[in-house]
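J.: Residue numbers (my numbering), protein chains in the order written: chain V, 31 to 173; chain P, 31 to 173. Idealized CB from N, CA, C, for every residue including glycine. These numbers were taken from a predicted model, which means no experiment stands behind them.
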DNA sequence: GTGGAGCTTCCCATCATGGGAAGGTCAAGG
DNA sequence: CCTTGACCTTCCCATGATGGGAAGCTCCAC
């Protein structure tokens with residue numbers, strides 16, 4: 031199987047497969063005489079594992095940890111659970127931040143007529159003349 | 031006022047102030063004889079506007095739009111409202127995606143004993159042997 | 001006059017991904 | 001046999017927003 035086939039079989043772009051190899055997330059693949067990478071079912075399986083972990087929002091670093099745990103027969107499932115629960119915490123913190131932003135924005139948008147008059151509470155608030163407060167919704171956009 | 035003072039008055043790092051100038055988000059500042067940038071209250075005000083928009087999760091591009099609308103006396107507040115509501119939609123989509131991830135992860139973590147036995151439903155699911163489905167929680171991590 | 005704090009520009013790193021160029025290779029069809 | 005097009009290879013660059021740090025200048029206080 032060439033990289034293109036492995037790509038469509040796993041849902042990971044060829045570009046990313048090469049990148050994952052480059053950063054050591056997956057082992058360098060064997061090559062044919064024409065220097066093409068060769069993949070088998072095993073590799074597709076690994077790539078789909080990675081794809082799913084990424085879909086769940088794990089970083090590549092976390093994915094690497096999970097991948098090693100997956101391939102380690104003697105691993106402790108508590109280690110995996112810890113990675114997962116830490117990640118849940120991260121996600122929930124980011125969700126809460128974003129919900130704060132939405133709440134503030136909705137409040138402002140509700141107060142904003144949206145008509146042709148230049149008065150706009152959204153801009154007034156951003157300019158700091160309003161009373162909604164200075165950055166109360168969260169300091170960091172991304173955790 | 032030098033850049034350091036403007037930075038602490040606005041909450042925007044000196045590095046970022048220079049960057050905003052470089053990408054044209056703010057006008058190039060006048061310089062003193064020693065080539066130091068000089069800032070006044072007006073500029074601090076603008077920087078705080080930017081800071082607040084960033085805190086609300088607006089991208090720099092959106093912030094630029096808002097900034098122009100803010101400085102345009104003849105703007106229509108409907109334009110501002112549109113930027114805000116679009117942004118609310120973006121945020122809500124991302125929140126929903128993340129909530130899907132959290133739900134799936136919590137389900138998996140609940141099923142995972144977290145003890146020393148190597149059986150782990152989280153890894154089983156990531157490996158694609160489980161029944162939870164293939165990436166149902168959202169294709170893209172970031173919108 | 002000296003030390004340290006602050007300013008300048010310039011380059012590099014992050015994280016994950018995509019775009020694209022330049023060149024090799026293979027298969028099919030004229 | 002030769003062309004065409006699809007595929008592969010490596011290499012460099014870009015994103016978005018931010019930080020780190022080096023090298024060199026200036027300014028102020030002591």
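1. What are the residues that DSSP puts in a beta bridge with residue 67/P?
2. Less than 6 Å between C-beta atoms, sequence neighbours within five positions excluded: which residues of the same chain meet that for residue 41/P?
3. Quick check: what's the CA-CA separation for residue 62/V versus residue 68/V?
4. Identify whether residue 43/V lies in helix, strand or coil by the three-state DSSP scheme.
5. Determine the burial state of residue 34/V: buried for a count of at least 16 other Cβ atoms within 10 Å of its Cβ, exposed for fewer.
6. Going by alpha carbons, who is nearest to residue 141/P out of 126/V, 141/V and 114/V?
7. Taking only beta carbons into account, state which residues of the stretch 37-61 of chain V come closer than 7 Å to chain P, listed in chain order.
8. Within the 8 Å Cβ cut-off, does residue 122/V reach chain P?
9. Among 131/P, 32/P, 37/P and 64/P, which has the Cα closest to the Cα of residue 83/V?
10. Grab the span of the alpha helix (DSSP H) containing residue 249/P for me, first residue to last.
11. Determine the DSSP secondary structure at residue 85/P, reduced to helix, strand or coil.
12. What did DSSP end up calling residue 166/P once you bin it into helix, strand or coil?
13. For a contact defined as C-beta to C-beta under 9 Å, what are the partners of residue 74/P on chain V?
14. Counting only Cβ pairs nearer than 7 Å, list the residues of chain V close to residue 129/P.
15. Name the chain V residues whose beta carbon is nearer than 7 Å to that of residue 70/P?
16. Tell me the rounded alpha-carbon separation between residue 71/P and residue 98/P.
17. How many Å lie between residue 37/P and residue 44/P at the Cα?
18. Suppose you measure from the CA of residue 121/V to the CA of residue 129/P; what does that come to, to the nearest Å?
19. Report buried or exposed for residue 91/P, applying the criterion of at least 16 other Cβ atoms within 10 angstroms of its Cβ.
T.: In this structure, then:
1. 61/P.
2. If you ignore the 5 residues before and after residue 41/P, its C-beta comes within less than 6 Å of the C-beta of 81, all in its own chain and listed in chain order.
3. Each residue's Cα considered, the two are about 7 Å apart.
4. Coil.
5. Classification for residue 34/V: exposed.
6. Of the listed residues, the one whose Cα sits closest to residue 141/P is 114/V.
7. Listed in sequence order: no entries.
8. Yes, residue 122/V lies at the interface with chain P (some Cβ there is under 8 Å from its Cβ).
9. Measuring from the Cα of residue 83/V, the nearest candidate turns out to be 131/P.
10. No information on residue 249/P is available, as it lies outside the stretch 31 to 173 that chain P covers here.
11. Looking at residue 85/P - three-state DSSP - the assignment turns out to be helix.
12. Model confidence at residue 166/P stands at a pLDDT of 33, short of 50, so the residue's coordinates are unreliable; what they give is reported in the following sentence. Reduced to three states, the DSSP call for residue 166/P is coil.
13. Under the 9 Å cutoff, chain V gives no residues; its nearest Cβ is about 10 Å from residue 74/P.
14. The answer, in chain order, is 125.
15. Against chain V, the beta carbon of residue 70/P has no neighbour under 7 Å; the closest one sits roughly 16 Å away.
16. Spanning the alpha carbons of residue 71/P and residue 98/P requires a straight line of approximately 18 Å.
17. So the alpha carbons of these two residues sit roughly 5 Å apart.
18. In a straight line, the C-alpha of residue 121/V is about 8 Å away from that of residue 129/P.
19. Classified as exposed, residue 91/P has fewer than 16 neighbouring CB atoms from the shown chains inside 10 Å of its CB.
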